[in-house]
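Using the numbering used here, the letters of the sequence shown map in sequence onto residues 813 to 1280. One structure is given here, and the rest of the page talks about it.
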Amino acid sequence: MWFTYLLVYYHSVLGFQNTYAGVLLLVGQIADGVCTPLIGYESDRTPGCGTYGKRKTWHLVGTVSVLMSFAFIFNQCLGCDQYTSQWVSLTYFIPFIIIFQFGWAATQISHLSLIPELVSCEHAKVELTAYRYAFTVMANITVYAVAYLLFHFQTGSDQDPSLTETLGPIDIPIFRNLSLIVLGIGALSSVLFHLGTREEKREEEDDEEEEKGERRPLIPRPQAAAPVQSLLRWKCWLKQPSFYQVAFLYMSTRLIVNVSQTYNLMYLTNTLMLPKKYIATIPLVMYVSGFASSFIMKPISKLIGKCMTYFVGLLLIMAFSYWVLIDDQMGDRIYGASVLLGVGSATILVMSLSMTADLIGDQTQSGAFVYGAMSFTDKVANGVAVMMIQTLHPCHSQVCCPACVWYYHYVMVIATGGVAVIAALSLCTILVWPIRIVRRLPYISGLMGSEDQDISEDNSYQPRPTVN
């Protein structure tokens, strides 16, 4: 609901100015971006609560935070009326948005970082990531199905059709009830997750390695046949070129998915002039098509590889962008275009997450930091992009003026096709320089000194033990 309905709710329902609605989303994205790497670092470092796993502990903290804040975001400002200044309402909503984004970051990072710990096989990670996305899509389908029912019952009531066909203050109860229903379903799902998922509590290997560091011989003993796998700390990731390659690709992917998701509803209601029920049916079509495509991603990625599967997703998104560009009176043909966008978005999102899992590999002890850093680039980039779009909006006071008709049209074209070109360039760098981890290991050259040696990790290389 965050990206899909936030701007629509504050801009078209509550009547906030464009910049004010953008500020709320930007604050949320910055809060999420700041919290994400910090939570990732703490999630890797802390042992968890008692016998509870560290990932599930942070997931529980995030769940409680979301339950405490989300319902206030999609509701009226308590004690406010039509004469209340928008700055007052802005100040009221910001704390709830920050708490919600902290909770969302905690649940997202802890859940993502469980994937490399639960499975080690490359294709199993793709499969688990696809299943995760499939259930995410099912959750979104539930949201939009409930939204459609709420709008449908409102349309069937004995009210003025001009009010039931366009968004306005009359829709505040719909968004409030929708958020409460979503919270109830989410709370039940979280309980099932915590009861049904078993997380193995890991030993604090890093601390043990530090304690043994002074007693470890510089030259390994002959009987130590099994090599010791060196562990990457969070600082080491910042020295990895592949870390920045994957981060930029993930950021581009999230820009396509989130910005198109945010402005698709504005495009439907303001450019295509469609009734407000379409803000539930079109996202529903997108997510159903994405859900269906998630089940064929594993065999396709096995057949042509992850990079080419990602490229196929980009082609579908470019096809959607071109369709929107040439057809300015789309009407019901938007359903066909939405299928392209839904399948393409699902494909590139699953593949980018799978590439992130490949980057982490067996370095699960710092996996949450990697996911946190990836999400940091995603959150900040999305927040800045939305704020720029809202600031450049040609209508500064009205909810929508005639100039916004073409404005949202080109926003959808650039947010999908334009960013897809950038993502394709990022993908080319991974094709030229594949994802790998470069380690700097101490190389003993003799009694006169030593020097560092760069070693690229692959399946054939066995690293030597290091001195911390």
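Quick reminder that beta carbons are idealized off the backbone N, C-alpha and C, glycines included. Just so you know, these numbers come straight off a predicted model, no measurement behind them.
Ranked by Cα distance from S1178, the options A883, L924, P907 are led by L924.
The stretch 1089-1173 contains no complete beta strand (DSSP E) run of 3 or more residues. The three-state secondary structure of W1049, taken from DSSP, is helix. When only Cα atoms are considered, K1088 and L1126 end up about 29 Å apart. The Cβ atoms of K937 and I927 sit closer than 8 Å to each other. Just so you know, the alpha carbons of K1191 and M1085 end up roughly 30 Å apart. At a Cβ-Cβ threshold of 8 Å, A1131 and S991 do not count as neighbours. With respect to the C-alpha of T1159, the residue from F1107, Y1219, I1138, I1146 having the closest C-alpha is F1107.
With a cutoff of 8 Å on beta-carbon distance, A1197 and V1071 are scored as near each other. Note that the C-beta distance between F1181 and G852 is below 8 Å.
DSSP places T896 outside both helix and strand once states are collapsed to three, so it counts as coil. With fewer than 16 other Cβ atoms from the protein chains shown falling within 10 Å of its own Cβ, K1047 counts as exposed. Taking the C-beta atoms as reference points, Q898 is found nearer than 8 Å to F828.
Beyond the five residues adjoining it in sequence on each side, L1000 comes within less than 6 Å, by CB distance, of no other residue in the same chain.
If you draw a straight line from the Cα of F1123 to the Cα of N1194, it comes to about 22 Å. Between Y1062 and T1189, the gap from beta carbon to beta carbon is short of 8 Å. Contact check for V1225 against T1083 fails: the beta carbons are separated by 8 Å or more. Secondary structure note for Y817: its alpha helix (DSSP H) is the uninterrupted segment 814-819. In this structure, DSSP gives H1208 a state outside helix and strand, which the three-state scheme calls coil. For the options Q1052, L1050, T948, S855, the alpha carbon positioned closest to that of A1104 is the one of T948. V839 is not a Cβ neighbour of I885, given a cutoff of 8 Å.
Its chain contains C889, C892 as the residues whose beta carbon lies nearer than 7 Å to that of S901, once the 5 sequence neighbours on both sides are disregarded; these appear in chain order. Here Y956 is near L1096, since their CB atoms are less than 8 Å apart. Of all C-beta pairs linking the stretch 1199-1206 to the stretch 833-847, three or more are shorter than 8 Å, placing the two stretches in contact.
In this structure A951 does not touch D844 by the C-beta definition: roughly 18 Å separates them, more than the 8 Å allowed. Here DSSP, grouped into helix, strand and coil, assigns S1054 to helix. When rounded, the separation of the alpha-carbon atoms in K866 and L1004 is 18 Å.
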